[in-house]
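Residue numbers (the working numbering): 80 to 232. Reviewing the structure listed below.
In structure tokens, the structure reads:
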């Protein structure tokens, strides 16, 4: 084989390998994103009467328990961030050790500000998927987003 032909064959091989590598990297990134855990964050306050309704402390309420028993609730990590009073902004002390990753996001309004209570954020890994306020948006926005993410896994 002459040297010029050998270099052309080598160049073609390298280009093919790079193309396959880039394709598999993209597929790997999509596959990895689909496998990142889903986390529902429930934003609450001790003096929030609608939050007590969600939490089930009033007769006829209890959306939280129903959700946690559902297939969707059992497929996600569920965490509660509760501040002392509605009138106060969230503070670092409101976040447990496992929730520390959320504090800078709230402080710096990375995902926008928390617009009401009770509210819910769905994260896939550290990416916000959807934000919902109240039980109606929980049912119309958050649950469908969870189902969609679970179906794509």
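The beta-carbon is built from N, C-alpha and C at its ideal position, and this holds for glycine as well.
For residue 225, the enclosing alpha helix (DSSP H) stretches over residues 222 to 230. Taking C-alpha positions only, residue 193 is separated from residue 118 by approximately 16 Å. Scanning its chain for C-beta atoms nearer than 6 Å, with the 5 sequence neighbours on each side dropped, one finds around residue 202 the residues 118, in chain order. In the DSSP assignment, residue 117 falls within the unbroken beta strand (DSSP E) covering 117 to 124. In the DSSP annotation of this structure, the continuous segment of the beta strand (DSSP E) that includes residue 198 starts and ends at 198 to 203.
If you check the CB distance, residue 195 and residue 212 come in under 7 Å.
Residue environment analysis places residue 223 among the exposed positions, since fewer than 16 neighbouring C-beta atoms fall within 10 angstroms of its C-beta.
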